[in-house]
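In this text, residue positions in the sequence shown follow this note's numbering: the first is 156, and each later residue adds one.
Each residue gets a CB set at the ideal place from its N, CA and C atoms; glycine is no exception.
In what follows, a structure is listed as structure tokens, so that the remarks can point back to it.
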Amino acid sequence: MIDNNFISSQKLIPDPLLNLVLKSSYKIEEKIGQGAVGSIYRATQLQTSYSVAVKILRASDISVQAKARFFREAKALSKLNHPNIISLFDFGATETDICFMVMEYVVGLTIDQIVPKDHGLPVKVIVEIMEKICSGIEAAHRQKIIHRDLKPSNIFITNTSGTNSDVKILDFGIAKTLENFNDENPHSTKEGVVLGTPSYVSPEQIDQLKDIDGRADIYALGAILYYMFTGSAPYTGKTSEVINKQIREPISNKSDRFKTIEGQVFSPILSKAMSIDREDRYQTVTEFFNALYQGCLQAKLLKDSKLEQQAPLTNFLSDTNNSSNINATTNNSKPDRIKNMSFTIRNKIFIVSISLIGLLAVGIVGFIYLTTGNSSNTSDNKQQSNITNIAQQGVTNTEILMGMSAAFSGSAKELGRQMKLGIDTYFNEVNDNGGINGRKLNLVSLDDGYEPNRALKSMKDLIEDRKVFGIIGNVGTPTAEVTVPYSVEKKALFFGAFTGASLLRK
156 MIDNNFISSQ KLIPDPLLNL VLKSSYKIEE KIGQGAVGSI YRATQLQTSY SVAVKILRAS
216 DISVQAKARF FREAKALSKL NHPNIISLFD FGATETDICF MVMEYVVGLT IDQIVPKDHG
276 LPVKVIVEIM EKICSGIEAA HRQKIIHRDL KPSNIFITNT SGTNSDVKIL DFGIAKTLEN
336 FNDENPHSTK EGVVLGTPSY VSPEQIDQLK DIDGRADIYA LGAILYYMFT GSAPYTGKTS
396 EVINKQIREP ISNKSDRFKT IEGQVFSPIL SKAMSIDRED RYQTVTEFFN ALYQGCLQAK
456 LLKDSKLEQQ APLTNFLSDT NNSSNINATT NNSKPDRIKN MSFTIRNKIF IVSISLIGLL
516 AVGIVGFIYL TTGNSSNTSD NKQQSNITNI AQQGVTNTEI LMGMSAAFSG SAKELGRQMK
576 LGIDTYFNEV NDNGGINGRK LNLVSLDDGY EPNRALKSMK DLIEDRKVFG IIGNVGTPTA
636 EVTVPYSVEK KALFFGAFTG ASLLRK
């Protein structure tokens with residue numbers, strides 16, 4: 156229930172942060188959200204006039220632990236670049252000790268705002284949402300980052316164009332990298348209160364074990380799946396009651412929906428994902444999602460004509476009057492089995508992608524011939540050695556690792572996604588036929604949002620940190636203007652920069 160008196164009183168108190176300009180770049184425009192230790196504002200990036208979301212907390216008003224969690228979230232996000240994870244543009248602290256994070260700004264609703272109470276969402280919609288959540292979380296796990304606070308209110312469904320929608324994973328505030336897990340007890344405050352959300356936090360987090368791993372997120376994914384399927388949390392009651400149930404009791408299947416064919420599919424998946432003993436759970440996010448998808452597919456829940464005619468996800472947003480603004484935003488590719496549920500192939504882009512693959516195949520075969528073939532004289536050996544030193548990264552006896560920086564969010568995201576779909580499709584075909592000289596092609600794709608600064612950051616990440624063999628494709632001239640000079644400087648292979656001849660001739 157909304158307290159109008161509280162809202163009126165808040166309007167009488169001027170917010171000192173409004174119209175403040177951070178780092179001479181971000182002008183605070185309006186407050187759009189409030190958290191336990193910080194506030195979310197819509198701001199304008201002055202150089203581009205784009206709207207961004209800024210998360211702010213005053214260091215003077217919070218504990219040292221809260222400040223540490225704030226910057227832990229920023230550092231975790233800075234390592235991630237994925238279309239289904241909130242994108243971080245900037246973070247830091249001002250001279251007056253205002254801590255801030257700058258993220259992408261989107262409009263939409265959280266999962267708990269769209270799920271009908273007590274009867275859940277259609278299966279097809281559930282699978283579409285879970286596919287994107289799992290894709291983002293698996294990308295985080297590959298970077299050895301676990302979220303630890305996944306819940307419906309931290310999963311944001313964004314409005315895009317037409318009937319399109321997308322998923323953003325929010326709030327990495329208590330995320331932790333596995334490398335530095337022992338630097339502090341990240342599971343509780345000084346008062347011993349467990350960090351995380353009852354009904355979604357794993358039993359091992361409640362027990363405050365020190366070796367929390369990705370299976371804690373898998374437990375939470377199961378709890379979110381339960382919520383989307385039934386319309387209610389897996390456990391209810393006061394916090395102590397919830398914790399006791401999670402530790403000692405299996406999940407309930409009292410919902411009438413468990414009596415249906417859908418329930419016969421979902422029940423064992425939920426039970427395994429939310430097993431009290433993490434050794435009994437799915438061990439990876441991919442394993443969890445594959446079980447969900449294959450179960451629904453085999454039961455013909457995704458092929459049923461009634462499910463195909465269900466209103467698309469965007470309709471659940473447009474039918475709700477409480478649409479809200481919130482901030483949102485490394486590699487990964489979505490599970491191949493359901494890519495066609497999320498995207499459609501435009502023939503032109505697909506053909507262009509295949510053409511790029513043809514050029515790539517010629518380049519790779521030539522490289523392998525030069526670096527592994529026998530040379531007949533010393534001069535040839537020296538030439539071979541020089542080529543190997545320049546281009547050998549990204550190639551092993553079993554793998555050829557390629558990189559891609561393209562728009563998977565923003566105005567050009569459909570172009571980027573269709574291009575990636577074409578590349579993935581052909582890579583799979585090549586790999587199914589033995590790869591290239593026995594080497595499998597693997598693609599690391601990063602989202603640059605069609606923004607030059609992000610594209611350059613992605614290129615540096617791919618070439619310098621992930622050490623890919625080469626880059627394949629980008630969306631257009633604004634990003635190519637910064638990525639092409641960088642690739643030339645680094646003598647990196649760059650296949651198919653989508654831009655005009657005038658830029659490529661520079």
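Applying the criterion that 16 or more other CB atoms from any shown protein chain within 10 Å of the CB defines a buried residue, is V125 buried or exposed? Outside the displayed span of the chain (156 to 661) sits residue 125, for which this structure offers no information.
Assuming T199 and E184 form a contact by the criterion Cβ under 8 Å, report the distance between their Cβ atoms to the nearest whole angstrom. 6 Å
Limits of the unbroken alpha helix (DSSP H) element including G558: Careful: G558 lies outside any alpha helix (DSSP H), inside the beta strand (DSSP E) at E554 to A561.
Can you list, in chain order, the residues of its chain with a C-beta nearer than 6 Å to that of Y381? Leave out the 5 residues immediately preceding and following it. P389 and L425
Would you mind stating whether Y374 and A428 have Cβ atoms separated by less than 8 Å? yes
Local conformation of Y382 per DSSP, three classes: helix
Start and end residues, beta strand (DSSP E) containing F244: L243 to A248
Got a sec: is the Cβ-Cβ distance from Y181 to anything in chain D below 8 Å? No chain D appears in the structure shown, which is made up of a single protein chain.
Between the alpha carbons of E584 and N592, how many angstroms are there, rounded? 14 Å
Grab the span of the alpha helix (DSSP H) containing K612 for me, first residue to last. P607 to K615
Is the beta carbon of I431 closer than 8 Å to that of P353? no
Who pairs with A198 in a beta bridge, going by DSSP? I183 and V207
Using a Cβ-Cβ cutoff of less than 6 Å, which residues in the same chain neighbour G571 once the five nearest sequence positions on both sides are dropped? A561, A562, F563 and V630
By the three-class DSSP mapping on this structure, what secondary structure does V550 have? Strand, per DSSP.
Report the start-end ranges of each alpha helix (DSSP H) in the segment 408-437 that is 4 residues or longer and not cut off at the edges. 416-428
Determine the extent of the alpha helix (DSSP H) in which L173 is found, giving its start and end residues. Element bounds for L173: n/a, residue is neither H nor E.
If you follow the beta strand (DSSP E) that K595 is in, where does it begin and where does it stop? Element bounds for K595: K595 to D602.
For L201, I'd like the list of residues in its chain whose CB is within less than 8 Å of its CB, leaving aside the five on either flank, ordered along the chain. V176, S179, S180, Y181 and K182
Apply the 10 Å Cβ neighbour rule to I240 and answer buried if 16 or more other Cβ atoms are within range, or exposed otherwise. buried
Return the CA-CA distance between G386 and F255, expressed in angstroms with no decimal places. Going from the Cα of G386 to the Cα of F255 covers about 35 Å.
Could you check what DSSP says for V356 in three-state terms: helix, strand or coil? coil
One question on the structure: do D267 and S308 come within less than 8 Å of each other, judged by their Cβ atoms? yes
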